[in-house]
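Under this note's numbering, think of the first position of the sequence shown as 3, with each following residue one higher.
Just so it is clear, CB atoms sit at the ideal spot from N, CA and C, and this is done for glycine as well.
So the structure is just underneath, and the comments pick up after that.
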Amino acid sequence: MPARAVPPGVADNSAPFIRRIVCAGYIVSLGGTLRDDGLAVPVETVFPLQPCWSRTAPISPSPTAGRPAPPAGGAARKRRREDPETRSEEQRVRAHVELIHENDYIWHVGELPHGEGGVHERRLSTDEEDGSSSLALRFDSDWGRGPGVPHADTEFFVRSGSLIYGGQEIGPGGYLQVPRGVPMDWIKIREGSSVLHWREYGDCGFDVEKAQWSPASARWETAVGEVTVVDSNDMEWTAAPTVGPITPLYIKLLHRDPVTNFYTRLIRAHKGWSDHRLAHHPCYEEFYTLGGKMAYNFGDIDEGTYCFRPAGVKHGHFVAETDIDWIIRSDGELINWYTTDEWVKWGGTATNYHEHDEAPVISTLPVRSRSRGPWSGDGM
Numbered sequence: 003m004p005a006r007a008v009p010p011g012v013a014d015n016s017a018p019f020i021r022r023i024v025c026a027g028y029i030v031s032l033g034g035t036l037r038d039d040g041l042a043v044p045v046e047t048v049f050p051l052q053p054c055w056s057r058t059a060p061i062s063p064s065p066t067a068g069r070p071a072p073p074a075g076g077a078a079r080k081r082r083r084e085d086p087e088t089r090s091e092e093q094r095v096r097a098h099v100e101l102i103h104e105n106d107y108i109w110h111v112g113e114l115p116h117g118e119g120g121v122h123e124r125r126l127s128t129d130e131e132d133g134s135s136s137l138a139l140r141f142d143s144d145w146g147r148g149p150g151v152p153h154a155d156t157e158f159f160v161r162s163g164s165l166i167y168g169g170q171e172i173g174p175g176g177y178l179q180v181p182r183g184v185p186m187d188w189i190k191i192r193e194g195s196s197v198l199h200w201r202e203y204g205d206c207g208f209d210v211e212k213a214q215w216s217p218a219s220a221r222w223e224t225a226v227g228e229v230t231v232v233d234s235n236d237m238e239w240t241a242a243p244t245v246g247p248i249t250p251l252y253i254k255l256l257h258r259d260p261v262t263n264f265y266t267r268l269i270r271a272h273k274g275w276s277d278h279r280l281a282h283h284p285c286y287e288e289f290y291t292l293g294g295k296m297a298y299n300f301g302d303i304d305e306g307t308y309c310f311r312p313a314g315v316k317h318g319h320f321v322a323e324t325d326i327d328w329i330i331r332s333d334g335e336l337i338n339w340y341t342t343d344e345w346v347k348w349g350g351t352a353t354n355y356h357e358h359d360e361a362p363v364i365s366t367l368p369v370r371s372r373s374r375g376p377w378s379g380d381g382m
């Protein structure tokens with residue numbers, strides 16, 4: 003491999019890796035150089051071409067096989083609460099979505115039980131086993147719902163219009179988070195509003211009976227945390243720590259789970275920001291673009307583009323064409339593991355088809371909508 007450039011003052015903690023996968027008679031070799039920059043131990047990277055696995059289907063090879071032991075001082079950080087209804091990250095059935103534009107998707111009648119008024123939803127990403135969903139909501143009339151207890155960690159972010167929660171009104175940039183099993187107050191959303199809505203680790207279920215008369219007794223025994231209401235316009239942008247000669251990104255932290263470190267935050271990159279490196283993370287990363295333009299290995303990002311990227315998928319080669327803002331969610335502490343000198347070899351012997359004209363693809367491609375066009379394969 004070519005020599006690696008290491009920034010001055012940074013220890014060369016990189017290590018080469020090679021991984022071979024046998025798939026339907028084909029041998030896939032992929033590799034490169036893993037860097038941890040003192041932040042974490044190297045771990046294997048995975049193709050951004052992952053199938054969905056249901057909980058009854060075996061996963062082969064084992065996702066944990068060959069991984070290094072957890073760092074000294076305790077087990078690896080948990081990415082979700084201890085709960086019999088949840089399952090490990092490797093068993094999630096949620097698809098890799100990268101890259102779609104919201105406007106390419108159709109509208110469905112909104113699933114917000116016990117509400118009154120007209121609401122439609124675009125389903126940006128869903129987990130059809132536990133009900134986790136990322137949705138864009140359109141309110142065709144004033145909509146409201148009384149007190150109740152959500153079955154999922156529930157979030158609302160106002161893009162336009164307004165939301166009233168328990169008498170407190172928040173406009174564009176307003177954010178509401180309710181942990182699963184925690185009673186929430188009444189809510190009203192104005193006609194014409196555009197709102198992003200997430201449900202995590204549960205479906206759209208909403209219990210109303212106890213919450214109407216005795217909110218304290220309606221709280222689940224397993225519930226963790228309290229309701230969060232934030233107007234992000236009142237928050238200051240904070241420069242994020244950087245590793246290497248990279249100009250900073252800027253953050254507004256909206257919510258962080260005290261148990262799992264699951265977080266939701268606003269991110270801003272200024273025009274000209276770039277990062278040529280390919281990174282992957284130990285947690286999933288999800289973003290919705292609120293405004294601006296950027297190019298990266300999966301295509302062009304602009305207002306309304308969306309991504310749900312499972313843990314381990316490499317991404318990068320970022321160049322911000324304008325100032326750009328996202329709302330980003332991750333189900334644990336986001337650590338950047340970088341790969342350099344990356345390469346992929348893919349092949350086999352074609353026995354009854356033309357090796358070029360009818361060549362197979364590696365598993366399944368990520369979900370992309372029509373306006374994003376085909377993926378170039380950059381970063382594979």
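- Task: Tell me whether residue 112 is buried or exposed, calling it buried when 16 or more other Cβ atoms sit within 10 Å of its Cβ.
- Result: By one-based count along the sequence shown, residue 112 stands at place 110. Residue 112 is buried by the Cβ-count criterion.
- Task: Can you say whether residue 313 is buried or exposed, counting buried as having 16 or more other CB atoms within 10 angstroms of its CB?
- Result: Residue mapping note: residue 313 aligns to position 311 of the sequence shown, counting from 1. Flag for residue 313 reads buried.
- Message: Classify residue 370: buried if its beta carbon has 16 or more other beta carbons within 10 angstroms, exposed otherwise.
- Response: Residue 370 sits at position 368 when you count from the first residue of the sequence shown. Residue 370 comes out buried.
- Task: Tell me whether the beta-carbon of residue 311 lies closer than 8 Å to the beta-carbon of residue 100.
- Result: Indexing the sequence shown from 1 puts residue 311 at position 309. Indexing the sequence shown from 1 puts residue 100 at position 98. Result yes, Cβ atoms of residue 311 and residue 100 sit closer than 8 Å.
- Cα-Cα separation between residue 193 and residue 308, rounded to whole angstroms: Here residue 193 is taken as the residue at index 191 of the sequence shown, counted from 1. Here residue 308 is taken as the residue at index 306 of the sequence shown, counted from 1. Roughly 24 Å separates the two Cα atoms.
- Item | Sub-8 Å separation of residue 203 and residue 221 beta-carbons | Here the question's residue 203 lines up with position 201 in the sequence shown. Here the question's residue 221 lines up with position 219 in the sequence shown. Against a cut-off of 8 Å, the Cβ pair of residue 221 and residue 203 comes out as no contact.
- Can you name the residues that DSSP bridges to residue 265? The residue given as residue 265 occupies position 263 in the sequence shown. The partner list for residue 265 (beta bridge, DSSP) reads 258, 332.
- Item | Whole-angstrom distance between residue 216 and residue 283, CA atom to CA atom | Here residue 283 corresponds to residue number 281 of the sequence shown, with the count starting at 1. Here residue 216 corresponds to residue number 214 of the sequence shown, with the count starting at 1. Distance between the alpha carbons of residue 283 and residue 216: 42 Å.
- Message: Tell me which residues share the same chain as residue 123 and place their Cβ nearer than 6 Å to its Cβ, disregarding the 5 neighbours each side in the sequence.
- Response: Numbered from 1 along the sequence shown, position 121 holds the residue referred to as residue 123. For residue 123, where only same-chain residues beyond five positions count, the Cβ hits under 6 Å are 110, 112, 137, 139.
- Item | Closest Cα partner of residue 185 within the set 205, 256, 172, 219 | Along the sequence shown, one-based indexing puts residue 185 at 183. Looking at the Cα atoms, 219 is the closest of the given residues.
- Item | DSSP-derived helix/strand/coil call for residue 322 | Along the sequence shown, one-based indexing puts residue 322 at 320. If DSSP states are grouped into helix, strand and coil, residue 322 belongs with the strands.
- When DSSP labels each residue in this structure, what does residue 138 get in the three-state scheme? Within the sequence shown, numbered from 1, the residue matching residue 138 stands at position 136. DSSP places residue 138 in strand when its eight states are reduced to three.
- From residue 275 to residue 351, what distance separates their C-alpha atoms? Reading the sequence shown from its first residue, position 273 is the one you call residue 275. Reading the sequence shown from its first residue, position 349 is the one you call residue 351. So the two alpha carbons sit approximately 44 Å from each other.
- Query: In or out: residue 241 buried (at least 16 other Cβ within 10 Å) or exposed?
  - Reply: As a position in the sequence shown, residue 241 is number 239, starting the count at 1. Exposed, since its Cβ has fewer than 16 Cβ neighbours within 10 Å.
- Item | Where residue 255 falls, given that 16 or more other Cβ within 10 Å makes a residue buried | Residue 255 sits at position 253 when you count from the first residue of the sequence shown. Label assigned to residue 255: exposed.
- Span separating the alpha-carbon of residue 377 from that of residue 269: Position 375 of the sequence shown holds residue 377. Position 267 of the sequence shown holds residue 269. Computed Cα separation, rounded: 24 Å.
- Query: Any idea if residue 277 is buried or exposed, counting beta-carbon neighbours within 10 angstroms, 16 or more meaning buried?
  - Reply: On the sequence shown, position 275 is the one that residue 277 refers to. Residue 277 comes out buried.
- Query: Taking the alpha helix (DSSP H) that residue 2 falls in, what are its first and last residues?
  - Reply: Because the chain spans 3 through 382 in this model, residue 2 falls outside it and cannot be assessed.
- Message: In the DSSP output, which residue or residues are listed as bridge partners for residue 186?
- Response: As a position in the sequence shown, residue 186 is number 184, starting the count at 1. 150, per the DSSP bridge assignment.
- Query: How big is the Cα-Cα spacing for residue 341 and residue 244?
  - Reply: Your numbering for residue 341 matches position 339 in the sequence shown. Your numbering for residue 244 matches position 242 in the sequence shown. Taking the straight line joining both Cα atoms gives about 17 Å.
- Check whether residue 167 and residue 231 have beta carbons under 8 Å apart: The sequence position of residue 167 within the sequence shown is 165, counting from 1. The sequence position of residue 231 within the sequence shown is 229, counting from 1. In contact: residue 167 and residue 231 (Cβ atoms closer than 8 Å).
- Task: Round the Cβ separation of residue 201 and residue 127 to the nearest angstrom and send it over; I've been treating them as touching at under 8 Å.
- Result: Residue 201 sits at position 199 when you count from the first residue of the sequence shown. Residue 127 sits at position 125 when you count from the first residue of the sequence shown. Their Cβ separation, rounded to whole angstroms, is 11 Å, which puts residue 201 and residue 127 out of contact at 8 Å.
- Exposed or buried, residue 26, counting other C-beta atoms within 10 Å across all chains shown (16 or more means buried)? Start at 1 with the first residue of the sequence shown, and residue 26 comes out as number 24. The predicted position of residue 26 is uncertain, since its pLDDT is 35 and thus under 50; a value taken from the coordinates is nonetheless stated next. It counts as exposed.
- Item | Cβ-based burial, residue 156 [other Cβ within 10 Å; buried from 16] | Position 154 of the sequence shown, counted from the first residue, corresponds to residue 156. So residue 156 ends up on the buried side.
- For residue 374, name the three-state secondary structure that DSSP assigns. Counting from one through the sequence shown, the residue named residue 374 turns up at place 372. Residue 374: helix per DSSP, three-state reduction.
- Message: Considering Cα atoms alone, identify which of 296, 321, 328 is closest to residue 428.
- Response: The question about residue 428 has no answer, for the chain in this structure spans 3 to 382.
- Drop a sphere of 10 angstroms on the beta-carbon of residue 355, count the other beta-carbons inside from all chains shown, and report buried for 16 or more, exposed for fewer. On the sequence shown, residue 355 is found 353 positions in, with the first residue counted as 1. The residue in question, residue 355, is exposed, as its Cβ has fewer than 16 Cβ neighbours within 10 Å.
- Message: Would residue 324 and residue 295 qualify as a contact pair, given that the criterion is a beta-carbon distance under 8 Å?
- Response: As a first step, residue 324 is located in the sequence shown; it is residue number 322 there, counting from the start. As a first step, residue 295 is located in the sequence shown; it is residue number 293 there, counting from the start. Taking 8 Å as the Cβ cut-off, residue 324 and residue 295 qualify as a contacting pair.
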